[in-house]
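Structure first, commentary second.
Number of protein chains: 2
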Amino acid sequence: MIDRLRLVFELNGFINIETRAVEPGSSLLKKGETSKEIYLLSRLQEVGHEDGKAVEERLGLHFDLTVPLSRYVVEHSGELTFPFKRYQIQKVWRGERPQDGRFREFVQADIDVIGNGDLPDHYEVELPLVMVSALEDLRSLGLPKATVHANNRKLSEGFYRGLGLEDVEGVLREIDKLDKIGPDEVSALLIKECGAHVEQAQACLALAEFTASNGAELRRGFDELCAQYGISRDSDAYVLASEGLDTLAMIVDEADRIRPGSVIADLKIARGLDYYTGSVYETFLDGAETLGSICSGGRYDNLASQGSRTYPGVGLSIGLSRLLSYVIHQKGSQASRVSPAAVLVAVWDEQTRSDSNHIADALRKRGIAADVAPTAAKIGKQIKYADHLGIPYVWFPRESEVASQEKDQVKNIITGEQVDADLVSWMPDSVYAKQQVVSKA
Amino acid sequence: MIDRLRLVFELNGFINIETRAVEPGSSLLKKGETSKEIYLLSRLQEVGHEDGKAVEERLGLHFDLTVPLSRYVVEHSGELTFPFKRYQIQKVWRGERPQDGRFREFVQADIDVIGNGDLPDHYEVELPLVMVSALEDLRSLGLPKATVHANNRKLSEGFYRGLGLEDVEGVLREIDKLDKIGPDEVSALLIKECGAHVEQAQACLALAEFTASNGAELRRGFDELCAQYGISRDSDAYVLASEGLDTLAMIVDEADRIRPGSVIADLKIARGLDYYTGSVYETFLDGAETLGSICSGGRYDNLASQGSRTYPGVGLSIGLSRLLSYVIHQKGSQASRVSPAAVLVAVWDEQTRSDSNHIADALRKRGIAADVAPTAAKIGKQIKYADHLGIPYVWFPRESEVASQEKDQVKNIITGEQVDADLVSWMPDSVYAKQQVVSKA
């Protein structure tokens with residue numbers, strides 16, 4: 001999966017960076033609510049003196065790849081060419097309680113494009129489409145079709161403000177819980193936590209229920225909601241919402257033109273706790289909606305700043321470990337064999353092991369992965385070793401002392417077929433050449 | 442470098458495993474002397490209550506890939522086919538003071554073969570040769586030729602015991618310092634710390650100075666030293682030494698036959714602090730001996746045990762980050778360009794951006810990495826963007842409104858050549874097709 005993502009990201013001109021596993025506590029704690037999930041480090045000698053040191057001054061394992069990117073961009077701003085398109089595939093750690101599909105150590109695959117001061121909005125449609133093509137490429141491993149659900153913070157904020165709700169962050173946080181707790185509970189929370197009255201809460205839910213697959217439909221639906229809930233087109237709130245509406249309409253229309261069915265406008269997407277300022281994205285797999293979003297992101301206007309300089313960006317992140325777990329446990333995908341070797345070279349006796357080694361080396365030079373039998377055991381036992389490792393071919397070196405086998409032979413232990421084989425020209429059947437993923441789906 | 446090592450290891454039938462970054466403190470502390478270099482973890486909520494928890498019960502970052510392998514083999518012994526050949530390329534962490542070529546976070550690339558109860562000794566020559574072929578493959582990145590220096594613990598132990606020295610561990614520890622502090626200091630330490638008298642110390646140094654490139658030379662030299670220092674061929678000590686001598690002679694002779702000049706017997710190799718019980722290896726680069734050993738390992742009889750079962754193994758480990766640092770800083774090797782893209786597709790104006798995107802997508806489908814200009818800036822500025830990223834080609838979509846350019850054109854901005862280009866057949870010159878490593882060496 002990682003190799004395939006690398007290929008797609010590089011074909012699209014993303015530059016790979018890799019950052020150290022640790023960041024200062026002060027950077028990790030900036031993001032607020034997730035701070036409790038951080039793992040902090042101590043050197044063994046420090047054990048017992050840890051209390052004296054402020055958390056901000058200690059080192060912790062990164063819990064995402066955005067905090068490290070932010071540091072990287074500021075540290076290297078003088079050397080980078082902007083817009084800076086980077087991809088990063090690394091492990092991250094969170095001190096959560098492990099549960100199905102939630103790990104304390106997992107791999108994220110991120111793409112971001114970072115501008116210096118400004119950033120054109122065409123990246124807001126291009127980046128989700130890069131992720132869609134990456135996820136499309138993973139379908140052969142057993143992944144269902146993915147659909148990006150897009151929204152825009154300005155659209156939501158304008159609508160809420162138009163309704164008279166001021167606690168925009170609060171409303172986004174409650175709306176974000178829709179999939180988990182359902183509309184009735186969210187409505188109750190909007191009333192209790194965000195000071196909404198019943199009709200305002202109803203309007204928020206009506207907005208969240210709306211989806212559209214093209215710009216015209218989106219604009220029509222949004223304007224109907226505004227009319228219904230009394231948001232005037234002359235209001236500042238509507239002007240703000242329109243900005244978001246324009247970007248979102250552009251995204252779904254462009255995406256529909258390039259890759260129909262890949263992106264829809266879904267006005268419940270909130271990404272409650274994050275730092276996004278414009279577009280937000282979540283991605284769901286057909287038939288696996290309970291898995292939640294497998295690829296999320298958005299536009300942020302201030303990834304980092306240096307004095308008066310700001311670095312706006314657009315980025316998305318795939319939670320790779322959760323996807324892999326789904327592919328293995330739900331779709332039954334697995335490696336076609338244990339060993340990467342296509343051939344096990346048999347050994348008649350320890351005195352002729354070097355002949356067997358020579359054969360294996362010649363195969364390797366031709367790109368055919370080969371192993372040599374660990375001992376000169378009975379041939380049945382050597383074949384069993386290959387079988388246990390899923391190695392499809394066993395190679396029998398010719399025995400000069402045995403008239404019956406004047407040439408090397410190779411046996412496909414899956415089909416049982418055994419043929420004379422020439423070291424210079426023999427090739428494994430393409431089905432058996434490489435270790436690969438087989439999907440039961 | 443990682444991709445190349447993966448390829449070599451898999452061609453040789455090694456199975457990849459990846460283990461979590463953490464192990465229990467109890468496992469990490471087993472190894473004794475390196476324990477002070479461990480990083481322990483605390484969750485943020487635990488901060489302030491850390492003192493109450495024993496180090497053994499906490500989690501720490503792994504400092505090598507052998508401790509995790511040991512746990513893995515015991516946990517999965519029921520599912521593994523033995524001998525189990527595994528490779529593992531991961532980051533490890535040590536709380537050392539960082540200095541030139543010493544990192545607190547670095548990548549190790551390990552191969553090991555683990556037996557269940559027993560393990561044939563042919564692996565003791567095969568594994569170092571796999572590493573030699575891997576290092577040979579890295580020479581195109583600027584690495585000098587590598588030579589494996591092999592010794593055997595039994596040979597050293599037998600010799601020291603034959604001399605009347607009982608503190609074998611102590612002698613090995615002092616001999617291990619030879620390259621750092623020289624023979625005079627080592628001699629003084631042998632006398633002071635290991636209870637050696639002057640002649641015994643002299644004998645230890647004489648053994649350490651001996652090297653041989655084939656078995657006959659090794660046997661002759663060793664027997665001369667035994668005669669000179671009065672070690673009888675009938676003694677138990679000589680019998681023990683002979684076991685090691687036989688294995689070491691086999692290793693250098695076999696290696697000499699398969700890959701001449703790749704392995705020498707070097708009787709100063711001690712690997713003082715490690716858990717090896719037979720063969721030990723260190724690997725040095727021609728002209729970079731001050732770098733120290735870049736690939737070390739050996740045979741251990743008890744990687745792990747379960748009740749009465751033991752798992753002997755042979756393994757070697759490359760310190761990849763140090764090698765990479767050497768290749769970059771000493772040999773001036775670097776990436777041929779910043780961006781993986783081979784082509785930047787120009788954008789005449791934002792209205793026709795989708796035409797440019799279409800061209801880029803068509804190139805990507807043919808495996809040619811392509812980027813699209815971030816803005817429809819003046820063409821000179823777009824070319825400058827490509828130039829900053831090292832992207833060799835700029836693609837100009839045909840302009841239907843400009844009679845002068847009826848076809849797409851592509852310009853090599855390094856050579857200045859500009860030609861008509863067809864989206865279906867155009868290929869970048871092979872020199873410019875992929876981002877690669879260029880070595881100044």
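Protein chains in written order, with this note's numbering: chain B, 1 to 441; chain E, 442 to 882. The beta-carbon is built from N, C-alpha and C at its ideal position, and this holds for glycine as well. The model shown is predicted, which means the values in this text are computed figures rather than measured ones.
Between which two residues does the beta strand (DSSP E) containing residue i stretch?
i	result
B/T147	146-152
Opposite residue i in the DSSP bridges: which residues?
i	result
E/I552	E/Y528, E/L757
B/T283	B/V148
E/S737	E/S758
B/K180	Bridge partners of B/K180: none, in fact.
E/T652	E/D707
E/I456	E/R527
E/Q540	E/R543
B/N412	B/Y393
B/Q405	B/Q405 pairs with nothing; no bridge assigned.
E/V860	E/V851
B/V92	B/F106
So what does DSSP say about residue i, is it helix, strand or coil?
i	result
B/F222	helix
B/Y39	strand
E/F547	strand
B/T3	At residue 3 of chain B the sequence reads Asp, which differs from the Thr that was named. Note: B/D3 maps to helix in three-state DSSP.
B/F396	strand
E/V865	coil
E/T507	helix
E/E464	strand
E/G501	strand
E/Q877	coil
E/V639	helix
E/V449	helix
B/S77	coil
B/Y385	helix
E/Y601	helix
E/T718	coil
E/Y670	coil
B/A216	helix
E/L606	coil
E/V627	helix
E/V496	helix
E/A745	coil
Can you tell me where the alpha helix (DSSP H) with residue i in it begins and where it stops?
i	result
E/R614	609-616
B/E126	123-137
E/A682	677-699
Exercise for the section: Let me know the alpha helix (DSSP H) ranges lying completely inside the segment 306-379 of chain B, each 4 residues or longer, listed in chain order. Expected result: The segment 306-379 of chain B contains these whole alpha helix (DSSP H) runs: 320-329, 353-365.
Practice task
Scan the segment 238-255 of chain B for residues whose Cβ lies nearer than 7 Å to a Cβ of chain E and list them as they occur along the chain.
Solution key: Answer set for the segment 238-255 of chain B: empty.
Practice task
Would you list, in chain order, the members of the segment 13-24 of chain B that have their beta-carbon closer than 9 Å to a beta-carbon of chain E?
Solution key: G13, F14, I15, N16, R20, A21, V22
Handout entry: Proximal residues, the segment 374-388 of chain B versus chain E, C-beta separation under 8 Å
Key = P374, T375, Y385, H388
Practice task
Mind checking the segment 848-862 of chain E against chain B and listing, in chain order, the residues whose C-beta falls within less than 7 Å of any C-beta there?
Solution key: none
Practice task
Could you run through the segment 552-565 of chain E and flag, in chain order, every residue whose CB is less than 7 Å away from some CB of chain B?
Solution key: P561, H563
Exercise for the section: With 7 Å as the limit, tell me which residues of the segment 760-782 of chain E have their beta carbon closer than that to any beta carbon of chain B; keep them in chain order. Expected result: V779, S780, P781, A782
Practice task
Would you list, in chain order, the members of the segment 628-648 of chain E that have their beta-carbon closer than 9 Å to a beta-carbon of chain B?
Solution key: none
Practice task
Could you name the residues of the segment 534-549 of chain E whose beta carbon sits closer than 8 Å to any beta carbon of chain B, in the order they occur along the chain?
Solution key: W534, G536, E546
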